[in-house]
Every structure is written in structure tokens, then in C-alpha cells.
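Q: The structure's right below; bear with me while I get my questions together.
2 protein chains.
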Amino acid sequence: MDTDALRAGDRRALARAITLVESTRADHRIAADTLLAELLPHAGRSLRLGVSGAPGVGKSTFIEAFGLHAIAAGRRVAVLAVDPSSRRGGGSILGDKTRMPELTRHGRAFVRPSPSGGTLGGVARRTAEAVLVCEAAGFDLVLVETVGVGQSETAVADMTDLFLLLLQPNAGDELQGIKRGVVELADILVVNKSDGANIEAAGRTAADYANAIRLLRPASPWWTSQVLQCSALTGAGIPAVWDAVARFRAAGAAPDARGGGIAERRRLQARARLWTEVGDGLMEALKADRAAAKLIPRLEKQLDAGAITPGAAARALLHAFRGKDA
Amino acid sequence: MDTDALRAGDRRALARAITLVESTRADHRIAADTLLAELLPHAGRSLRLGVSGAPGVGKSTFIEAFGLHAIAAGRRVAVLAVDPSSRRGGGSILGDKTRMPELTRHGRAFVRPSPSGGTLGGVARRTAEAVLVCEAAGFDLVLVETVGVGQSETAVADMTDLFLLLLQPNAGDELQGIKRGVVELADILVVNKSDGANIEAAGRTAADYANAIRLLRPASPWWTSQVLQCSALTGAGIPAVWDAVARFRAAGAAPDARGGGIAERRRLQARARLWTEVGDGLMEALKADRAAAKLIPRLEKQLDAGAITPGAAARALLHAFRGKDA
């Protein structure tokens, strides 16, 4: 694995490295760990930005507009995605090229579809590692997009410094299809499609969310969450979003940043990821154990029927797995 | 263990049973499992109601007023608590007697302080089992109070049918000390202290939260979250809260309740508790393993220094614990 070429910006080396990191093969995993160990000292020097929003809100149009603006401001922009429903093969790549055509072709951008399939935990781990690879390759703004499946927003918030939530201009009371807890994760909320006939509705939506977040806990201790408006289509409001992102980064990088700022967030995220992966590894081993695996359907059935407590079922399973009293 | 006496309402038998369930001794655990297996067919027939709110909001006054109203409406009311910071000994019991004096003394009520110490997971498990014991003893309204430490609100929401959040009347913009995600857990939000000079502020706070929750996801698919006002001190508004609770229960018990209603919620909660306890058991075993335990401080240090990825650290730990490649 040619890490010099990668660090010099060779895109093929970068793509190969990410492919290696995404692989689930055991031999690839060992090679990937070696690669990551080599790249780690050169990672970390970016702003990691999560981008989410319900289907139809205009995520791709926004990422394209925002990404190009960031490039014009001097950044090198990588765009990754977490989508556990993603499938292997040409489909998602084609999708990407049409979704963000200019960004995909740009020499100072790198767009990569989500790793395919498997659990959210697996996809999240591989994407978090791909972030490190992109940083080592010199990308100083790394966007991680979620397509809103299951708990992917939380996973993306757990691997980024800033969480940006895109919103629709509401015509009325209808919910935006945003999952529970996601509004409170957001550092910056952007009401998109603030153009044409929608401008008034966009303004009302922005005011509604601004009032709501006053009552909720801020996502980051060093920052008051903000609600902005933009039109990814016309470009209106994009510079203001970029400006807010820059101010967030400055506040989070300050030595006296509340809660220890971005540095402390990353430290805690790494710790959390360690223990999540340990837990996932232990659980995988249990589910692969024949004695335990045989017991699972039976215990779940008894549980559903109210014939056993969760505690007793858990103890039975642990006992079967470990061969002694847990 | 005299389960007949317990099921007949003998309070000493009930207290002894809960003490057994709360015990961390291995021999008690086995006896507790036997007891629970015997009681399980008689459990489940209550409404389980979580009550939370920041310190100073008037939780005890509210629970006393609400509990007495429920008793007047024919219920038998148990009050439990989840407080991982609780300590063994007379302190918390004394606290309870003064906090809810009338309820504590009432023949149709049973008030029990939180199990002491240990992890939130341990306290939550034991409280969830205490709920079953109270139900087998004939209590048909079981309140589980949280005192707002760490993630205890989520733990309580995970063991109850309805989550009720108490709020202060806001004088202005100040946050209520409510932790992230908790507002979106609530089925019923009650602005307390809606009396005297606070009535206007209480009304504004109620309106603010009503607007906010319109933008957030409802906590239960069969129910539109509501914001009410009350004065636990004067009793004003308490009947309306009881009425909302009763309507919630009726909607959640209907055969066509969205999302499968309360029954489906309980089934999923039990499943989730099973896997949480399995995970906790596995993690305990790892942390008790000498080889793994020795490695943990070293790996965490390397992680903090950015010298290792979480994935590589996790694999090293799993390898040390299991003695082969994870």
C-alpha cells in the first residue's frame, strides 16, 4: 500500500485504501489495521461535518453547493456516507455521479458512496476509518452524509465534530420525517428551498425551529445551535452556512472552549467507539456460539409469552455461552 | 418466600421480595429468579408510568398529589425510583417519608426508594423486576421516578408505558436542566407550579413546549404528546393529568393501537432488556479478565494520544480476552 502516494493526493491510492478499510475479509482487516497505524499520525487535521435530513430535503444539492463553496474558500473536500441499506455494485456509484455531478468531478473533492451492507455498527466503523484515510490524504473538510435509516444519525454524530440538519419549508404542521432525538443533535439547522414561492414558509419554519431549540439542550457546549435558511438551488444563504461552520470550528478549537471543545469531543468519541466495538465483538462471538445460538429463539419466544424475565433469559444465555454461571 | 401473602397484599412480604430482587448476592439472585418465575404469571396488569423532571420542579409534591388522586379513583399505587447515586442506609428512606408523607402512609400505596449504588444498568434491571413484584402484589398503577442522573430517563422510559415530564414555569430563556433527548421521550408534559404569581409564566411555558413538540417526533405512535399545566400544591390541574393518563392507556390498549400499542412496546422493551443484560454480562466478564483488564489503561492511553484506532484497540482487547483472533 503506497502511503506516500496517498498522502500526496493520489486519488487511486486513496480509493484503494478506502476499499481495503471497508473490506470485511479477515486478511484485509489485518492489512487495513497496518495501513491505518501508518496513516494515523497524519490524520485528524480536518473539520468533520455530519449532514442529515429527511429524503427529499435536497441533501445532494446542498452538499454540492456547500462543497463547491468550501473549495472556493480553499478547502479540499471529501464526502462519505453512512447507509446500512446500501448494496454492493454499480448502482450507488452511478447514483453519486448524478447526485453531485460537479463535486464528483472536481479535482479538490472526493466523493465516495457508503460501504455496502452489514450492520450499522460495521458501516459506521468503516466510515469512521475512511474519515482518517481522507484526512491523511490531505482533505481538510470531511462531510459524512446520512440517508436517515435507523440510528444512522446518531452514528454520524458520533464520528463528526459538527452535525448539520437540513429541513424542508413546512407548509403546516406536518412532521418532517426526522427521527427522534435528531433535532437535538444538530449544531446548525438549515431550512433549504428558501426560494420562490417557498420563501415565506421557509421563514416560518426557521422561526419555529429557532423557538423549539431554545427549549432543548444545545448539541455542543461551546456553541448555541443556530437555524439558517438557504437555497441550495440558487446558492442563496450558502455563504452564511459556511460562515457559521467556520465560527463553530473556531469556537470549538479555542483553548478555553466549553466542555473541552472539539478535541475533547473527539477523545470521547474514540473511547465510545472502542467500547462499542468491544461490545459488538463480544456479541458476535456469543451469537456465533452453537449452544447460545440454539437457545436464542426459544428464550425470545418465552420472553414474548411473558413466561420468563429478561434477566433470567439473559443469565441462561450467558451460562450457555460461557459454560459457567455468569 | 410467601408468594400467597405477597399476592394478597401483605406489605412486609412485598418489601422482603423487593429487597431480595435488589440484592446483588449470587445466592439471592438465584432465589430472586425463582420468586420472579412464580410471580410472573400474575404480573403485567398495571399501567407503568415514568415521572421525571429537573431538581426543584416539584416531583415529590406532584407524585403525592397525583398518587392520592389515583387512589381516590380506585387504583392501588406503587412508587419506585431509579437513582444510581442512591446510597444504602437510612438516609433515602427518611427522605422518602418526608417527601411524600401522605402517600407513604396510605394503605393503598407503596413507596420504595431506589435500589442503592452500582451501575445504572444494574439499578434499572432491579427496578424493572421490582415493577413486576408490585404488579403481582396487586398494584395497578406503578410510578417509576427518576432523579435525573446520567441516562436514567432513558432507562425509565424503557421500563414504562407512559413517560411524564414535569416542567418549571420559565421566567425567560433559561434551560430547564433537562437532558438531551428527554423532551422527545415525553407523552405528557406538565408545567407545574401553575399558581399564584407564576400562572402567566406557566401558561407561556406550556405554549412554548406545545409549539416545540409539534416539530418533534411523538414519543408513542398511538398518542399525540400533550402539554398540561397543574399546581401540585393546590391540586389544580391534577384531575386533567389523570384524565390524560387514562386516555393514553385506553388508546394504547385498543386492539388497533398504532405501532401495536402498549403491548408491543412492552414486548420490545423486554427484548431490548434481554440484549442489554447479555451485553452487560459479557462486558463484565471481559473487565474481570486479568489479561484484558491489564491492557485497558494502556490502550485507552494510546487511544487518547491518537496512536491507535478504536478498531485496532478493540481487536487487541478482544484478542487478549478470548485468546484467539476475534
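Respectively, the protein sequence lines represent chains D and B.
Per the numbering used here, the first sequence starts with residue 173, numbered consecutively.
Per the numbering used here, the second sequence starts with residue 173, numbered consecutively.
Ideal Cβ positions, reconstructed from N, Cα and C, are used throughout, including at glycine.
1) I'd like to know if D/L334 contacts chain B, where contact means its C-beta is closer than 8 Å to some C-beta of that chain.
2) Is the shortest distance between the beta-carbon of B/A479 and the beta-carbons of chain D less than 8 Å?
3) Please report the Cβ distance between B/T507 and B/V254, rounded to the nearest whole angstrom; I am assuming they are in contact, meaning their Cβ atoms lie under 8 Å.
4) When you compare the CB of D/V413 with every CB in chain B, is at least one pair closer than 8 Å?
5) Which whole-angstrom value describes the C-beta separation of D/G424 and D/W395, a residue pair presumed to lie in contact below a C-beta threshold of 8 Å?
6) Please find out if some non-hydrogen atom of the ligand NAP comes closer than 7 Å to the beta-carbon of D/K459.
7) Answer with yes or no whether the minimum CB distance from D/V319 to chain B is below 8 Å.
8) Mapping the DSSP letters down to three states, classify B/N370 as helix, strand or coil.
9) Could you check how far apart the C-beta atoms of D/A242 and D/C306 are, in whole angstroms? I think they sit under 8 Å.
10) Checking the sheet assignment: what are the DSSP bridge partners for B/T115?
11) Buried or exposed for B/D497, please, with buried defined as at least 16 other CB atoms from any protein chain shown within 10 angstroms of its CB.
12) DSSP on B/G576, reduced to helix/strand/coil?
13) So D/D476 contacts chain B; which residues on that side make the cut at Cβ distance below 7 Å?
14) Using a Cβ-Cβ cut-off of 6 Å (strictly less than) and excluding sequence neighbours within five positions of B/L212, which residues of its own chain qualify?
15) Put D/S324 into one of helix, strand or coil per three-state DSSP.
16) Thinking just about the alpha-carbon of each residue, which of D/T196, D/A180, D/E317, D/T191 is nearest to the one in D/R220?
17) Only counting the same chain, and skipping five residues up and downstream in sequence, which positions put a Cβ closer than 7 Å to that of B/T233?
18) Using the C-alpha atoms, what's the distance from B/G409 back to B/R421?
19) Taking B/I350 as the query, report the chain D residues whose CB atoms sit under 9 Å from its CB, ordered along the chain.
20) Just verifying my parser: in three-state terms, what is the DSSP assignment at B/R217?
21) Any idea what DSSP makes of D/W118, helix, strand or coil?
22) Roughly how many angstroms lie between the CA atoms of B/G495 and B/R462, to the nearest whole one?
23) Have a look at B/S324, B/D182, B/S288 and flag the residue whose alpha-carbon is nearest the alpha-carbon of B/G225.
24) What in chain C is Cβ-close to D/R445, meaning under 7 Å?
25) Is the stretch 378-393 of chain B close to the stretch 376-392 of chain D, with three or more CB pairs under 8 Å?
26) From the DSSP output, read off the bridge partner residues of D/V249.
27) Considering only the alpha carbon of each residue, which of B/A442, B/F493, B/L467 lies closest to D/A166?
28) When the Cα of D/I468 is compared with those of D/L489, D/A477, D/E449, D/T448, which residue comes out closest?
29) For B/A404, would you say it is in contact with chain D, using Cβ-to-Cβ distances shorter than 8 Å as the test?
30) According to a CB-to-CB cut-off of less than 9 Å, which residues of the stretch 446-459 of chain D neighbour chain B?
31) At 8 Å on the CB atoms, spell out the chain D contacts of B/A209, in chain order.
32) Between D/L192 and chain B, is the shortest Cβ-Cβ distance under 8 Å, so that the two count as touching?
33) Work out the CA separation of B/S286 and B/V328 for me, nearest whole Å.
A: The structure says:
1) Not a single CB atom of chain B sits nearer than 8 Å to the CB of D/L334.
2) Interface with chain D (8 Å Cβ-Cβ cutoff): B/A479 is included.
3) One cannot answer for residue 507 of chain B here, as it falls past the ends of chain B, which runs 173 to 498.
4) Cβ-Cβ to chain B under 8 Å: no for D/V413.
5) The C-beta distance from D/G424 to D/W395 rounds to 7 Å, short enough to fall under 8 Å.
6) No copy of the ligand NAP appears in this structure; indeed no ligand is present at all.
7) No, D/V319 does not count as interfacial toward chain B.
8) For B/N370, the secondary structure class from DSSP, reduced to helix, strand or coil, is helix.
9) For D/A242 against D/C306, the beta-carbon gap comes to about 14 Å, at or over 8 Å, which does not count as contact.
10) Because residue 115 of chain B is not part of the residues shown, which for chain B are 173 to 498, the question remains open.
11) Interpretation of B/D497 is limited by its pLDDT of 43, a score under 50 that renders its predicted location unreliable; the figure taken from the coordinates is listed afterwards. Burial is judged here by how many other beta carbons sit within 10 angstroms of a residue's own beta carbon; B/D497 has fewer than 16 and is exposed.
12) The structure shown does not extend to residue 576 of chain B, since chain B is modelled only from 173 through 498, so no value can be given for it.
13) R439, listed in chain order.
14) So the list is empty, once near-sequence residues are dropped.
15) In the structure shown, D/S324 sits in a helix (DSSP, three-state: H, G or I).
16) Measuring from the Cα of D/R220, the nearest candidate turns out to be D/E317.
17) Excluding its 5 nearest sequence neighbours in each direction, B/T233 has C-beta neighbours in its own chain below 7 Å: A404, L405, listed in chain order.
18) Distance between the alpha carbons of B/R421 and B/G409 is about 19 Å.
19) The answer, in chain order, is L387, L388, R389.
20) In this structure, B/R217 counts as coil in the three-state DSSP scheme.
21) Because chain D is modelled from 173 through 498, residue 118 of chain D falls outside the range shown and cannot be assessed.
22) Computed Cα separation, rounded: 12 Å.
23) Closest option to B/G225, Cα to Cα, is B/S324.
24) Here chain C cannot be found, since the structure's protein chains are D and B.
25) Between the stretch 378-393 of chain B and the stretch 376-392 of chain D there are three or more inter-stretch CB-CB distances shorter than 8 Å, so the stretches are counted as touching.
26) Residue pairing by DSSP places D/V249 opposite D/A281, D/L313 in a beta bridge.
27) The displayed coordinates of chain D run from 173 to 498. Any statement about residue 166 of chain D would go beyond what the structure contains.
28) The shortest C-alpha separation from D/I468 is found at D/L489.
29) So no, B/A404 is outside the interface.
30) The residues in question are L446, W447, T448, E449, V450, G451, D452, G453, L454, M455, E456, A457, L458.
31) When 8 Å is used as the limit between beta carbons, B/A209 is near these residues of chain D: I480, T481, A484, in chain order.
32) Closer than 8 Å: no.
33) When rounded, the distance between both Cα atoms is 12 Å.
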